[in-house]
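So for the sequence shown, full-length UniProt numbering puts the first residue at 1; every next one is plus one. Cβ atoms here follow ideal geometry from the backbone N, Cα and C, with glycine treated the same way. Here is the structure we will look at.
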Amino acid sequence: MNLYINQLQQKADFKEAIYAGDIFLNTQLRAARQLCEFAQESITAAFDGETRHQALHTLMPVEEFVVLVTRLKGQFTNSLRAKELILSFIDEIGVDPREYIFDVPRIRVVPNYDYLHAGVSYAYKPHRDTWYGSVDCQINTWMPVHTISPDQTMMINTSYFDVPVKNSSAQWSLNDWINNQRHKAKDNLKEEVRVHPVPLEEIDTAAELRVAGNTGDMLIFSGSHLHGTVANHTQHTRFSVDFRLMHLDDLKHNRGAINVDSACPDVGAGFKDYFHAHDFSNFQGIQQ
Numbered sequence: 001m002n003l004y005i006n007q008l009q010q011k012a013d014f015k016e017a018i019y020a021g022d023i024f025l026n027t028q029l030r031a032a033r034q035l036c037e038f039a040q041e042s043i044t045a046a047f048d049g050e051t052r053h054q055a056l057h058t059l060m061p062v063e064e065f066v067v068l069v070t071r072l073k074g075q076f077t078n079s080l081r082a083k084e085l086i087l088s089f090i091d092e093i094g095v096d097p098r099e100y101i102f103d104v105p106r107i108r109v110v111p112n113y114d115y116l117h118a119g120v121s122y123a124y125k126p127h128r129d130t131w132y133g134s135v136d137c138q139i140n141t142w143m144p145v146h147t148i149s150p151d152q153t154m155m156i157n158t159s160y161f162d163v164p165v166k167n168s169s170a171q172w173s174l175n176d177w178i179n180n181q182r183h184k185a186k187d188n189l190k191e192e193v194r195v196h197p198v199p200l201e202e203i204d205t206a207a208e209l210r211v212a213g214n215t216g217d218m219l220i221f222s223g224s225h226l227h228g229t230v231a232n233h234t235q236h237t238r239f240s241v242d243f244r245l246m247h248l249d250d251l252k253h254n255r256g257a258i259n260v261d262s263a264c265p266d267v268g269a270g271f272k273d274y275f276h277a278h279d280f281s282n283f284q285g286i287q288q
């Protein structure tokens, strides 16, 4: 398993390397920085002009915080500007946008753990995105909106890429999540009562990779990597942006990372949230 620094554009077979477990860190992508700048503008707008983003959890009761974060997430995820910047990213790395679809971009908000770690700021347990119904060819991107430290970031546990973990994905339904659970995030203030696919065995944390990046430093990795939220016990709220790409031909021919333990029964149920990268039209699924 390898870590490539600022080599995404130079490596023509980057997606095959990602499928094999390699990780890319790019710190010089113009589109990534612009996406984080747009995220900062969106945070300020959603919080009624407040620019002390990393101190927001100290400025209001958690109930108000949840209302404003809910507004922020909806406005950012559904904006045309965010989609345009994902297209700019695809153009910048030198691949054909007609060959890719993308998931709607997400802005994650992780305040101090004791203030809020459920619902709109759920601290994800170690998981693979495939446990949540994603496909094996999913390519993840992740970037901090502000400079962060190792105890604010997310972790990737590289030692489990090809090692099975006992988990509850077989009992978890993406359809149920989309139709009945996802919209209840704002109602979870103290504890997360929505069911997630989680490990059913203890995870060895010795091989956790924690990248403490600056604004727009982008990690690109397989959705099949075991990763999760580092519990934020600092006094700085962490904002991050992520989106997912899938290569259409790889999706059609079931190419991607190895599946060692994922058993979600309704893989691909979330495709209605995906868009064709070149024109933002809704993805209708693979036509056989």
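*Give a yes or no on whether the C-beta atoms belonging to residue 51 and residue 58 are separated by under 8 Å.*
Within the sequence shown, numbered from 1, the residue matching residue 51 stands at position 51. Within the sequence shown, numbered from 1, the residue matching residue 58 stands at position 58. Between residue 51 and residue 58, the gap from beta carbon to beta carbon reaches 8 Å or more.
*asked:* Cutting at 8 Å between CB atoms, please list the residues of its own chain near residue 203, excluding the five before and the five after it.
replied: Counted from its first residue, the sequence shown places residue 203 at position 203. The beta carbon of residue 203 sits closer than 8 Å to those of 126, 157, 160, 165, 226, all from its chain and outside the five residues before and after it, given in chain order.
*Pull up the distance between the alpha-carbon of residue 250 and that of residue 7, whole angstroms please.*
Here residue 250 refers to the residue found at position 250 of the sequence shown. Here residue 7 refers to the residue found at position 7 of the sequence shown. Straight through space, the alpha carbons of residue 7 and residue 250 are spaced by roughly 22 Å.
*Among 208, 2, 197, which residue has its Cα nearest to the Cα of residue 154?*
Residue 154 sits at position 154 when you count from the first residue of the sequence shown. Taking the Cα of residue 154 as reference, the smallest distance to any Cα among 208, 2, 197 is reached at 208.
*In three-state DSSP terms, what is residue 233?*
Counting from 1 along the sequence shown, the entry for residue 233 is found at position 233. Look at residue 233 here: in three-state DSSP terms it is coil, with no helix or strand label.
*Determine the DSSP secondary structure at residue 64, reduced to helix, strand or coil.*
The sequence position of residue 64 within the sequence shown is 64, counting from 1. Helix.
_Only counting the same chain, and skipping five residues up and downstream in sequence, which positions put a Cβ closer than 7 Å to that of residue 236?_
By 1-based counting over the sequence shown, the position of residue 236 is 236. Taken in chain order, the residues that qualify are 54, 152.
*Can you grab the Cα-Cα spacing for the pair residue 180 / residue 10, in whole Å?*
Residue mapping note: residue 180 aligns to position 180 of the sequence shown, counting from 1. Residue mapping note: residue 10 aligns to position 10 of the sequence shown, counting from 1. Cα atoms of residue 180 and residue 10: separation of roughly 43 Å, rounded to the nearest angstrom.
_N- and C-terminal bounds of the beta strand (DSSP E) containing residue 275_ = Translated into positions along the sequence shown, residue 275 becomes position 275. Residues 274-276.
_With 16 other Cβ atoms within 10 Å as the buried cut-off, status of residue 56_ = Residue numbering aside, residue 56 sits at position 56 when the sequence shown is read from its first letter. The residue in question, residue 56, is buried, as its Cβ has 16 or more Cβ neighbours within 10 Å.
*Could you check which residue in 256, 28, 128 has the C-alpha nearest to that of residue 215?*
Translated into positions along the sequence shown, residue 215 becomes position 215. Checked all of 256, 28, 128; the closest Cα to residue 215 is 28.
*residue 240 vs residue 197 beta-carbon contact at 8 Å*: The count along the sequence shown starts at 1 and reaches residue 240 at position 240. The count along the sequence shown starts at 1 and reaches residue 197 at position 197. In this structure, residue 197 does not lie closer than 8 Å to residue 240 by Cβ.
*asked:* Output needed for residue 118: all residues of its chain with C-beta closer than 6 Å, excluding positions within five of it in sequence on either side, in chain order.
replied: The residue labelled residue 118 in the question sits at position 118 within the sequence shown. Taken in chain order, the residues that qualify are 188, 191, 192.
*Measure the beta-carbon distance from residue 102 to residue 275 and round it to whole angstroms, keeping in mind my assumption that it falls under 8 Å.*
Within the sequence shown, numbered from 1, the residue matching residue 102 stands at position 102. Within the sequence shown, numbered from 1, the residue matching residue 275 stands at position 275. Contact flag correct, Cβ pair sits at about 6 Å.
*Between residue 277 and residue 87, what straight-line distance do the alpha-carbon atoms span, to the nearest angstrom?*
The sequence position of residue 277 within the sequence shown is 277, counting from 1. The sequence position of residue 87 within the sequence shown is 87, counting from 1. Going by the C-alpha atoms only, they are around 6 Å apart.
*According to DSSP, residues forming a beta bridge with residue 174*: The count along the sequence shown starts at 1 and reaches residue 174 at position 174. DSSP, once it has assigned bridges, lists no residue as partnering residue 174.
*Tell me, which residues are paired with residue 156 by DSSP?*
In the sequence shown, the residue the question calls residue 156 occupies position 156. DSSP output for residue 156 lists 209, 227 as bridge partner(s).
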